[in-house]
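>
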Amino acid sequence: MHSRGTVWAPPRSEVEGADRVGHATDIRHRRLEGGIGNIANVIDRATVHHVARLARLRLDEAEEERMQSELNAILTAVEQLQDLDLDGVEPTSHVIALKNVLREDVPTPSLPQELALREGPDVQGDGFVVPKIG
Amino acid sequence: MMDATQLTAEGAIKALAAGETSSAELVDTYLARCEDDRWGSFLALDAERARARANEIDAMDEKPPLRGVPIAIKDVLSTEGLTTTCASKILEGFTPVYTATCVERLERAGAIVLGKTNMDEFAMGSSTENSAYQVTRNPWDLERVPGGSSGGSAAAVAACQAPWSLGTDTGGSIRQPAALCGIVGMKPTYGAVSRYGLVAFASSLDQVGPFARSVRDAAHLLSFMVGKDPKDSTSVDWPDPIVLPTAERLDGMRVGIVTELMGEGIDPGVRAAVERSMALVEELGGTVVPISLPSSAHGIATYYLIAPAECSANLARFDGVRYGPRHEADTLLDQYELTRGELFGPEVKRRIILGTFALASGYYDAYYRRAQQVRTLIVRDFATAFENVDLIASPTSPTVAFKLGERTADPMSMYLADICTVPVSLAGLPSISIPCGLSDGLPVGLQLVGPAFSENRLFAASHALEQAIGFNPTPPGLS
Chain F
58 MHSRGTVWAP PRSEVEGADR VGHATDIRHR RLEGGIGNIA NVIDRATVHH VARLARLRLD
118 EAEEERMQSE LNAILTAVEQ LQDLDLDGVE PTSHVIALKN VLREDVPTPS LPQELALREG
178 PDVQGDGFVV PKIG
Chain R
77 MMDATQLTAE GAIKALAAGE TSSAELVDTY LARCEDDRWG SFLALDAERA RARANEIDAM
137 DEKPPLRGVP IAIKDVLSTE GLTTTCASKI LEGFTPVYTA TCVERLERAG AIVLGKTNMD
197 EFAMGSSTEN SAYQVTRNPW DLERVPGGSS GGSAAAVAAC QAPWSLGTDT GGSIRQPAAL
257 CGIVGMKPTY GAVSRYGLVA FASSLDQVGP FARSVRDAAH LLSFMVGKDP KDSTSVDWPD
317 PIVLPTAERL DGMRVGIVTE LMGEGIDPGV RAAVERSMAL VEELGGTVVP ISLPSSAHGI
377 ATYYLIAPAE CSANLARFDG VRYGPRHEAD TLLDQYELTR GELFGPEVKR RIILGTFALA
437 SGYYDAYYRR AQQVRTLIVR DFATAFENVD LIASPTSPTV AFKLGERTAD PMSMYLADIC
497 TVPVSLAGLP SISIPCGLSD GLPVGLQLVG PAFSENRLFA ASHALEQAIG FNPTPPGLS
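Going line by line, the protein sequences match chains F and R. Just so we're aligned, residue 58 is where the first sequence starts under the working numbering, counting upward by one. Just so we're aligned, residue 77 is where the second sequence starts under the working numbering, counting upward by one.
(1) Restricting to runs no shorter than 3 residues, where is the beta strand (DSSP E) found entirely within the segment 291-369 of chain R?
(2) Can you give me the start and stop residues for the alpha helix (DSSP H) that S226 (chain R) sits inside?
(3) Would K641 (chain R) be called buried (16 or more neighbouring beta carbons within 10 Å of its own) or exposed?
(4) Report yes or no: do three or more beta-carbon pairs, one from the segment 355-363 of chain R and one from the segment 326-341 of chain R, lie closer than 8 Å?
(5) A405 (chain R) CB to nearest chain F CB: under 8 Å?
(6) Closer than 7 Å, Cβ to Cβ, to anything on chain R: give me those residues from the segment 118-131 of chain F, in chain order.
(7) Taking the C-alpha atoms as reference points, what is the distance between P487 (chain R) and I131 (chain F)?
(8) 8 Å is my cut-off, CB to CB: does V350 (chain R) come that close to chain F?
(9) Mind pulling the alpha helix (DSSP H) runs of 4 or more residues that sit fully within the segment 233-275 of chain R?
(10) Quick one, are the C-beta atoms of H159 (chain F) and V173 (chain R) less than 8 Å apart?
(11) Does the separation of the CB atoms of G228 (chain R) and F118 (chain R) fall below 8 Å?
(12) Using three-state DSSP, classify G191 (chain R) as helix, strand or coil.
(13) Using 8 Å as the threshold, is the segment 235-243 of chain R in touch with the segment 278-288 of chain R, meaning 3 or more CB pairs across them?
(14) Give a yes or no on whether the minimum CB-CB distance between M488 (chain R) and chain F is below 8 Å.
(15) For chain R, is any of its Cβ atoms less than 8 Å away from the one on P188 (chain F)?
(16) For the segment 523-542 of chain R, list every residue whose C-beta sits within 8 Å of some C-beta in chain F, in sequence order.
(17) Who are G521 (chain R)'s beta bridge partners in DSSP?
(18) Could you tell me whether any Cβ in chain R is nearer than 8 Å to the Cβ of P178 (chain F)?
(19) Is the CB of I250 (chain R) under 8 Å away from at least one CB in chain F?
(20) At a Cβ threshold of 8 Å, is T102 (chain F) touching chain R?
(21) Can you tell me whether E118 (chain F) is buried or exposed? The criterion is at least 16 other CB atoms within 10 Å of its CB, across all chains shown.
(22) Using a Cβ cut-off of 8 Å (strictly closer), state whether I428 (chain R) contacts chain F.
(23) For the segment 501-520 of chain R, enumerate the residues whose C-beta is nearer than 9 Å to any C-beta of chain F, in chain order.
(24) Answer yes or no: do K150 (chain R) and A208 (chain R) have a C-beta to C-beta separation smaller than 8 Å?
(25) List the whole-angstrom C-beta distance separating G513 (chain R) from I545 (chain R), where the pair is believed to meet the contact cut-off of C-beta under 8 Å.
(26) Mind checking if V163 (chain F) is an interface residue toward chain R, Cβ cutoff 8 Å exclusive?
(27) In this structure, what does DSSP give as the bridge partners for S202 (chain R)?
(28) Is the Cβ of G184 (chain F) closer than 8 Å to any Cβ of chain R?
(29) Which stretch, first to last residue, makes up the beta strand (DSSP E) that contains V145 (chain R)?
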C-alpha cells in the first residue's frame, strides 16, 4: 500500500480492483485530492463534489458543506483501522465458503416483458424512455 | 373475539386448530389494531387481500401449517401487488411484480400478510427516524424510538398489531429494535434465508429474520424460510430442520460473556439486567466464562466502510429509469443526478458518498481493503472464542430506547447504537435478542450468538432462559 499523506496516481490494476466490487467509476481520469492521514482534510469540498458526481447525486451547496463535515467526522472515527498491523491478513468479502455456484444451463421462464416494463415512469413500445445522453 | 394482546402465534395456531377462532376473525382483530396509528408502524395495509386469503384458508379441508395466522412484513421485502417503498421517496408508489422468496414461502405455509412496516430508508439507521414518510414510536414510551432499521416490524409486534413479523438485519436491524421494544428478534446465519426479493443494502451482510413474542414463535417462523433458493446463489442447503425448542435446562452449556461489551459505554441498567441473566444461566446448569473479542472494538469502523461501499454499488440501480418517480431533465446525466439528489434522504446520500469514496482508487486500499482485512480478524476472534464456549452473550444494545430526535444530528452517535451487534454481522453468525428485564421501565435485550448454522442450539438456550426470565412482552397500558 502507498504511504500515508501522499497523493499518487493509481496504476491500472488498482482501478480494476475498484471496478471488481461492482462500482462503476471513471475516477482514473481524476485523482482524489487531500491524501490520507491528515484527517481533518481527508475530504475537502471539491472531493465531496467530485465523489457526489461519480455517485450521480446532485447536492446543493449547503448539502455539500454539511456532507463534508459529517464525512470527515466519520472518517476520523474509522481512522483507528490505519494503525492496525494487517500484514499478511487476507481480506474477507464473504463469510460462507461458497465456490462456483452454478446451475444447469437450461433456459427457464423469466419475467414477462410486459411486467418488467410495468413500473417504468416513461415507457414506449418495448423500452424505457430516457432523455438524450450528453 | 381473541385478545391480541395476550396472543402468541403458537397460541393463535392452537386456537385455530381447536376451532375456537377462524383466520378471518384473527385477521379482522389484527387489522383493527393496525388501523390504530398511535405507533406509526405501518406504511401500507393489504386489508382486502388479507381478508380474502383468510376466507380461502378457513374454507380449506386440508389447512396449511400456519392456518391463516397474520404477519407484518418490513417494507424492504418485495410483495407482488403491494407497495414496497423501502421508506424512500425514490420508490414512492412502487408495486413489485413478484414476491420475495421468504415471504412466498411463508404465504405457502399459510401466513397472511397484513401490510408493510416502516423502517429507516433502505434499512440505513438505528431508530427508524430516517423513514421518508413517518415517525414510528416505541410502544413502551411514545416519546422514544423503536430502534431500527426494522422499527416498524418491531413496534407492530410489541403493540400486538401482528403476532409476528419479518425484519432484515445488516448490522443489527432486527436485534436492536427487538431489544428496544421488548420482544424476540433473530438474525440467522448468513445464507440461511434467500435474499431474492429483498431490496439489497449491503449484500455480504443482509439477512431476513423473524420478530416474535416468544422464542418458539421465532423458531417456527424461521423453520419455513430457511434453505436453498436457486434465485439467490448465496443461500445454502439447510443442514438440519429447525425444531421448536423445549429445553428447560442449560446443563453443560458454556456461555461466554464478552468483557469488552460489559464495561464502559454500556448503561449500568443494561449491564445489571444482562448480569442477572448470566446468574440464571448458572442456575439452569450452565457455566458462564468471561471471553474477549479484541477486534470487536473495530467493528463499527469496519462496518461503516464495508456497508456503505456495498450500498453505493447496490443503490446505483435507483436512477428513475425503470421504476419509481423521476425528475425530468433535458439530459440523461441531469436526470440521474436530480432524481437521486432529490429523492434519496440525507443518511442514504451520506452512505452512498462515503462508500463511493472508500471504493475510489487511491483510497480503496486504505479504507475498503483494510476494512475487509479487519473483518477477517473479527471472524477469527469468534472462531477462537467458540473453541471454548457454546454460545456468546452480551447486551444487544448499549442503552435502552433513546428519545426521538436525540441522536439525529450526529451520525456517529447513531452508529454507536449498533456496537454490540455489528461484529456478529461481519462474522455472518446467527444471533438472537431476547428481552431480559427492564431498566427505568424500558426493556433490555440480551444478545446470544452461536457458531454458523447452530440455530437449534441458539433457540434451545434462548427458550430455557426466556422461561427463567419470565418477561412479559406486552407493554404496560396496552392490554
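All residues carry an ideal CB built from backbone N, CA and C; glycine is no exception.
Inspection of the coordinates gives the following:
(1) You should have 330-334 and 363-367.
(2) Counted from its first residue, the second sequence places residue 226 (chain R) at position 150. No alpha helix (DSSP H) contains S226 (chain R), which DSSP labels as neither H nor E.
(3) What the structure shows of chain R is the stretch from 77 to 555, and residue 641 (chain R) is not part of that stretch, so it cannot be assessed.
(4) Two segments are said to touch when three or more pairs of C-beta atoms, one from each, lie closer than 8 Å; by this definition the segment 355-363 of chain R touches the segment 326-341 of chain R.
(5) On the second sequence, position 329 is the one that residue 405 (chain R) refers to. Contact of A405 (chain R) with chain F is assigned, a C-beta pair being separated by under 8 Å.
(6) With the criterion set as a beta carbon lying under 7 Å from some beta carbon of chain R, the members of the segment 118-131 of chain F are M124, E127, L128, A130 and I131, in sequence order.
(7) Translated into the one-based positions of the second sequence, residue 487 (chain R) becomes position 411. Translated into the one-based positions of the first sequence, residue 131 (chain F) becomes position 74. Roughly 8 Å separates the two Cα atoms.
(8) Position 274 of the second sequence, counted from the first residue, corresponds to residue 350 (chain R). Judged by the 8 Å Cβ criterion, V350 (chain R) is not in contact with chain F.
(9) Runs found: 251-257.
(10) Indexing the first sequence from 1 puts residue 159 (chain F) at position 102. Indexing the second sequence from 1 puts residue 173 (chain R) at position 97. One point to set straight first is that residue 159 (chain F) is Leu, not His, in the sequence displayed. Cβ atoms of L159 (chain F) and V173 (chain R): not closer than 8 Å.
(11) For the purposes of this step, residue 228 (chain R) is taken as the residue at position 152 of the second sequence. For the purposes of this step, residue 118 (chain R) is taken as the residue at position 42 of the second sequence. Closer than 8 Å, so yes.
(12) For the purposes of this step, residue 191 (chain R) is identified with residue 115 of the second sequence, where counting begins at 1. Here G191 (chain R) carries a strand assignment [DSSP, helix/strand/coil].
(13) Enough Cβ pairs lie closer than 8 Å, so yes.
(14) Translated into positions along the second sequence, residue 488 (chain R) becomes position 412. Closer than 8 Å to some Cβ of chain F, the Cβ of M488 (chain R) qualifies, so yes.
(15) Taking the first sequence and counting its residues from 1, the one referred to as residue 188 (chain F) is at position 131. With 8 Å as the cut-off, P188 (chain F) counts as an interface residue toward chain R.
(16) The residues in question are A528.
(17) The sequence position of residue 521 (chain R) within the second sequence is 445, counting from 1. Listed as beta-bridge partners of G521 (chain R) by DSSP are R:P511.
(18) Counting from 1 along the first sequence, the entry for residue 178 (chain F) is found at position 121. At least one chain R Cβ lies under 8 Å of P178 (chain F).
(19) Along the second sequence, read from residue 1 onward, the residue named residue 250 (chain R) stands at position 174. I250 (chain R) does not count as touching chain F.
(20) Your numbering for residue 102 (chain F) matches position 45 in the first sequence. Per the sequence shown, residue 102 (chain F) should be read as Arg rather than Thr. Chain R, which has no Cβ nearer than 8 Å to the Cβ of R102 (chain F), makes this no.
(21) Here residue 118 (chain F) corresponds to residue number 61 of the first sequence, with the count starting at 1. Exposed, since its Cβ has fewer than 16 Cβ neighbours within 10 Å.
(22) Working through the second sequence from its first residue, we reach residue 428 (chain R) at position 352. Closer than 8 Å to some Cβ of chain F, the Cβ of I428 (chain R) qualifies, so yes.
(23) Taking 9 Å as the cut-off between beta carbons, the residues of the segment 501-520 of chain R near chain F are L502, A503, G504 and L505, in sequence order.
(24) By one-based count along the second sequence, residue 150 (chain R) stands at place 74. By one-based count along the second sequence, residue 208 (chain R) stands at place 132. No. Outside cutoff.
(25) Sequence index remark: in the second sequence, residue 513 (chain R) carries index 437 (1-based). Sequence index remark: in the second sequence, residue 545 (chain R) carries index 469 (1-based). Confirmed, Cβ separation roughly 7 Å.
(26) By 1-based counting over the first sequence, the position of residue 163 (chain F) is 106. So, not an interface residue.
(27) Position 126 of the second sequence, counting from 1, holds the residue named residue 202 (chain R). DSSP lists no partner for S202 (chain R).
(28) Position 127 of the first sequence, counted from the first residue, corresponds to residue 184 (chain F). Not one beta carbon of chain R lies nearer than 8 Å to the beta carbon of G184 (chain F).
(29) For the purposes of this step, residue 145 (chain R) is identified with residue 69 of the second sequence, where counting begins at 1. Where V145 (chain R) is concerned, the enclosing beta strand (DSSP E) starts and stops at V145 to K150.
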